[in-house]
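Here the structure is laid out as structure tokens; the discussion comes afterwards.
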Amino acid sequence: MENTTLQGQIPVDLFRLPNLETIGLANNKLNGILDIGTRYGNNLTLDLRNNSIKDFTQKTGYNMNISLAGNPICDGTGATAKYCAIQISNDSFSSPLKCPAMSCNSDKTLSPTCKCSYPYTGTLHFFSLSFSNLENSSYFTTLAGSMMSAFLSNGLPVDSVSLSDPTVDVYSYLQIEAQIFPSTQDSFNHTSIPSIGYLLNRNPFQLQYFGPFFFTSEGYCCFADGKKKSSSHTGIIIGVSVGCAVLVLLTLCAGLYAFRQRKMAKRDGHSSNPFESWDRDTSGAVPQLKGARWFSFDEIRKCTNNFSESNCIGSGGYGKVYKGTLTAGEVVAIKRAQHGSMQGAFEFKTEIELLSRIHHKNVVSLVGFCYEQGEQMLVYEYIPKGTLRESLSVKPKFQLEWTRRLRIALDAARGLAYLHELADPPIIHRDVKSNNIL
């Protein structure tokens, strides 16, 4: 509340709020005696520049950042001189360097541990922040330390982490620029970069002030295993010659194999293409799937014991849900549409395309589908403990203490947040109830 012509003495009760981090009351008409008391929050930043405060009741052991410049109390000298000299910094946080005078040649970057290398860069997006004081560097120092611990415990070749420029965007998400430096060489190899990105998006940091987040990268320029050059022209010639010979041999073998497979397919008179009968004129292009398997009707029938009632674990307006065991031993839940509730081919195609893109630990994964013999079936991973409604019923299978209920609520919220905000395209659930939470 700066530049609002506030008047009077500041009450000591204002500073007793334990979660208060920053008080900005500069450029007002506050006067009297400043008394902060002894029950203020940790790491409090107090900006009271350019007011009319004449005295300051000091206690021993203050560990806060106070600026009193421009007040009558600063006209003299004494114990308050250090507070009169402090200016609240508007500089954005950046991880400190142990060797600030050092510089790197070419396009390399200096790491916090004084090594010149090519860092993996990107942005951390936090969307459930519990603090607002971006000038408090202790939060970001702790975050960098937690990131290093996670990298090292997972055996990743990371030397150091540099964080900078924390900002809050229009959606109130905190964004922090991150640079991750290699340890063994001056750049990462092709296998390290995917491993680092995968780890970051698993949310491995359990920090008090930072909530869930996701990481977006800017790509990587200089892979270690992509910069090697041969020192011998003879080696290059031999390598190219051998490579060409092997390529010709492989091409001949592949042609022969394809010819034999085509003859076998014609002889058997059976096609394994799940979209062989797909009508492109009425249903659009063949579905583009990411990881979802196609199951034949016979496979589904066998793994559910011919859709036995003993395998039925649920039913609704869409149809019935069966428990099944695939030939590899994987247990799945199979959602079979009844004929009166079937979608059109285009709508079914759209649904399996969207579901195949969803990958989140709090959303049930789509294993595959069946679109054969007039059937529309979706195959999901099997969740053995039933629905939340069953656990909250009069005779539940599992007792839910309050801490467990809270975890369920948080996990359900994380799953919905992923669907609504991070899925591409976003998916609106529209039917959130205890029956649909497993």
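One rule links them: number in the working numbering = place in the sequence shown (from 1) + 51.
Think of the CB as a built atom: it goes at the ideal place given N, C-alpha and C, for glycine as much as any other residue.
Worksheet entry | Same chain, Cβ closer than 8 Å to Ile478, neighbours up to 5 away in sequence not counted | Excluding its 5 nearest sequence neighbours in each direction, Ile478 has C-beta neighbours in its own chain below 8 Å: Leu405, Ile409, Leu470, His471, listed in chain order.
Worksheet item: With 16 as the cutoff for other CB atoms within 10 Å, does Asn123 come out buried or exposed?
Response: The amino acid at residue 123 is misidentified as Asn; the sequence shows Pro. By the 10 Å Cβ count, Pro123 comes out exposed.
Worksheet entry | Sequence-distant residues of its chain with Cβ nearer than 7 Å to Phe348 (five each side left out) | Cys421, Glu423, Gln424, Glu426
Practice prompt. For Thr96, name the three-state secondary structure that DSSP assigns.
Written response: strand
Item to complete: Using alpha carbons as the reference points, say which of Cys272, Phe265, Gly88 lies closest to Tyr169.
Response: Cys272
Discussion item. Taking only three categories from DSSP, how would you classify His390?
Written reply: helix
Worksheet item: Can you tell me where the alpha helix (DSSP H) with Asp349 in it begins and where it stops?
Response: Per DSSP, Asp349 belongs to the alpha helix (DSSP H) from 348-354.
Worksheet item: Do Leu429 and Leu442 come within 8 Å of each other at the CB atom, strictly closer than that value?
Response: The residue you asked about is not Leu; residue 442 is Ser in the sequence shown. Not in contact: Ser442 and Leu429 (Cβ atoms no closer than 8 Å).
Practice prompt. Identify every residue that forms a DSSP beta bridge with Leu85.
Written response: Paired residues: Phe107.
Practice prompt. Under 6 Å Cβ to Cβ from Glu53, same chain only, skipping five residues before and after it: list those, please.
Written response: Gly75, Ala77, Asn78
Worksheet item: Distance, Cα to Cα, Asn362 vs Thr355?
Response: 6 Å
Discussion item. Leu81 and Ile24 - do their beta-carbons sit closer together than 8 Å?
Written reply: Since the displayed the chain opens at 52 and closes at 489, residue 24 lies outside it and no answer follows.
Worksheet item: For Met428, which beta-bridge partners are listed by DSSP?
Response: Under the DSSP definition of a beta bridge, Met428 partners with Arg387, Cys421.
Discussion item. Taking its Cβ as the centre, do 16 or more other Cβ atoms sit within 10 Å of Val418, making it buried, or is it exposed?
Written reply: Counting Cβ neighbours within 10 Å, Val418 comes out buried, since at least 16 surround it.
Practice prompt. Answer yes if the segment 242-254 comes into contact with the segment 157-168, meaning at least three C-beta pairs across the two stretches below 8 Å, and no otherwise.
Written response: no
Fill in: Nearest-angstrom Cα separation, counted from Ser359 out to Asp494
The first residue shown for the chain is 52 and the last is 489, placing residue 494 beyond what the model contains.
Item to complete: Can you have a look at Pro217 and say buried or exposed, based on whether 16 or more other CB atoms are within 10 angstroms of its CB?
Response: buried
Practice prompt. Return the chain-ordered list of same chain residues with a C-beta closer than 8 Å to the C-beta of Ala305, the five sequence neighbours on each side being excluded.
Written response: none
Discussion item. Relative to the C-alpha of Arg344, which candidate in Arg456, Leu85, His176, Val383 has its C-alpha closest?
Written reply: Val383
Item to complete: Please confirm if the segment 187-195 is in contact with the segment 232-250, defined as three or more CB-CB distances below 8 Å between the two stretches.
Response: The segment 187-195 vs the segment 232-250: no contact.
Practice prompt. For Tyr224, I'd like the list of residues in its chain whose CB is within less than 6 Å of its CB, leaving aside the five on either flank, ordered along the chain.
Written response: His176, Phe178
Worksheet entry | Residue environment, Val219, which counts as buried when at least 16 other CB atoms sit within 10 Å | exposed
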